[in-house]
Structures are given as structure tokens and as C-alpha cells.
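Only one structure is covered here, and it is reproduced in the block below.
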Amino acid sequence: MSIIVVTGRGGAGKTTTTANLSTYFAQRGYRVLVVDGDLYLPNLGLHFALDNVKYTIHSVVKDPNIDPEWAIYRHRETGVYVMPGSPRLEDVIGISAQRLRDVLENLKYKYPLVFLDSPTGVPFDTLPAFEISDYQIIVVEVERSPIYSFEVMVENEVLKLKALGDKFGLKVGVVLNKVREAADVIDKIIEVIDEEIGVPVLGVIPFDEAVPESVNAGIPVIVYKPRSEAAIAFKECGQITEEWIFGSSESSL
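Going by the numbering used here, the sequence shown opens with residue 2, and the numbers climb by one from there.
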């Protein structure tokens, strides 16, 4: 099962969401692999303290002789298997998105659940990977703004990214992140997404200072501060996502 996590704007918390959802599933007993698909601006490794490793997704994509397992690291604190990207410019030049697709297709047979952290905006880096994926999660940052302004943003962001997922036959869900609005405002936003756009809202994650702290520590907030508001919300999001994907949250792989 392959899940692509996308967003329309930088800073929405896409990678944070990827890291914490994958951690939730690993804690549930799933064998989970998370891959940095942002080939030009990778930062997934930072969220797992794996920003200085020998082999990366870039190594595997550029050199077919490198075993993909060499670039996969089990994060001790969470149990998540991580394939980070390389921050070095020389590793980015000449990279092949099509080769990324082939690598992921092979890894799906070894890891029942694969999360792909996609780049911001139209995900050209991971576009070929949409062909072999099953689900798309759109992460939307909820700003303090009038409802009408948000509806315009939904049209410009969620609808376009959903259309991309629809094109490849993916099931699409939304996570609202960094939420600071009152409950009645969020309820209206959820109604717009769920009823007018026809996409389920999988989670509502509040703005929480524990999240940047956890990123600095290289441990997703679910484990770093499990009683924080964001951690509790990510766990609830994980439960809903598990039911969305598998139809139940009672079994694991």
C-alpha cells in the first residue's frame, strides 16, 4: 500500500504529518517505510535525525548497482524504516523521477505500507510514482483568515491536488494542520471539504510548539511528547487514516 503526502504551499507541515502518521502505523505493528520524494529539497531525514548518512534515495536512484536496502534506516525511537534524501547539490543533478517510481514499486513488496513525502506544489519529482500509489493525503495549513478566503484557497489548492490524485485513481483525504481557529470555524471548513469537495478530513492538528521541538530532536512528536496536543491529534488522525485505508483499526501487518 503506497500513500503520497502532498501540499500546495510550503510550511504546511507535510513532512511533519508524514513522519507522525508513519510513526503511528509503526507503533500499531505495521512494517512501515517512509521515503523522501522531494528530490530537490529533501528534509525528511531531519525529522528522524538521519540528515548525515552514507546512502540515500538519491544514491539508489542514480546508481542501479546500489541495493535500496542500503539506504533504508530503522529509526530506533519509532520503529519506522526511513529512506532519506541527500542535501548535496551534486546528488540532485541529473536525478530521474522515473527511476524513483521503479525503486518504489520494488519496495512495495517488502514493506506493506509505504509513505512518500512529496515536494510542495505540483509534485513533479514524484509524479511517476502516482502510477503505483493507492492513496493521496493533502496537508492544508489553516491560517487565521475569513471563511471565504479559505474557500478560495481550497479551490486553488485542495481541488487541484485532488484532481491530480483523481487522474491516477487514488483515494484522496485531507489533513488540516497548524490549526489555531475556533471549533465553529473548523467545523465550517470541514463541511466545505467533506460535502462540497467530497473528500474526507482525516485529522485536525492544532498548532503546537512541541512540534518544532520534536523536529529539532529528530523524533516525531507522537513519541517525543506523546501527551502534547499535537501528538494526541496525530494519533486520532492515524486511527481515522487506518480505518480509511484498511476499513478497521483492529489489525496490523
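Ideal placement from N, C-alpha and C gives every residue a C-beta, glycine not left out.
- K163 is bridged by DSSP to nothing; it lacks a bridge partner.
- Taking C-beta separations shorter than 7 Å and ignoring five residues to either side along the sequence, the partners of I191 in its chain run V202, following chain order.
- D103 carries a helical assignment under DSSP once its states are collapsed to helix, strand and coil.
- Annotation: T8 is outside any alpha helix (DSSP H); the continuous beta strand (DSSP E) that includes it extends over S3 to T8.
- Counting only unbroken stretches of 3 or more residues, the beta strand (DSSP E) elements lying wholly within the stretch 60-88 are 82-84, in sequence order.
- 7 Å or more divides the Cβ of K172 from the Cβ of V200.
- With a cut-off of 8 Å on Cβ pairs, the stretch 30-42 is not in contact with the stretch 225-236, counting fewer than three such pairs.
- Within its own chain, the residues whose Cβ lies closer than 7 Å to the Cβ of V62, once the five positions on either side in sequence are excluded, are I96, S97, R100, L101 and V104, listed in chain order.
- In this structure, G166 is the residue among G166, V159 and E197 with its C-alpha nearest to the C-alpha of D135.
- Residue environment for D118: buried (at least 16 other C-beta atoms within 10 angstroms of its C-beta).
- Residue environment for I94: exposed (fewer than 16 other C-beta atoms within 10 angstroms of its C-beta).
- With 16 or more other Cβ atoms from the protein chains shown falling within 10 Å of its own Cβ, A234 counts as buried.
- For T121, the secondary structure class from DSSP, reduced to helix, strand or coil, is strand.
- With distances taken between CA atoms, T24 lies nearest to P221 out of E196, E244, P221 and G248.
- By the beta-carbon neighbour count (other beta carbons within 10 angstroms, threshold 16), A13 is buried.
- Counting along the chain, no alpha helix (DSSP H) covers E196, and no H or E run does either.
- Secondary-structure assignment with DSSP links D209 through no beta bridge to anything.
- Around the C-beta of E243, 16 or more other C-beta atoms lie within 10 Å, and the residue is accordingly described as buried.
- In this structure, DSSP gives K236 a helical state, which the three-state scheme calls helix.
- A straight line joining the alpha-carbon of E197 with that of V175 spans about 13 Å.
- Going by C-alpha positions, D64 is about 47 Å away from E182.
- Following the DSSP letters along the chain, one finds V54 in no alpha helix (DSSP H), marked with neither H nor E.
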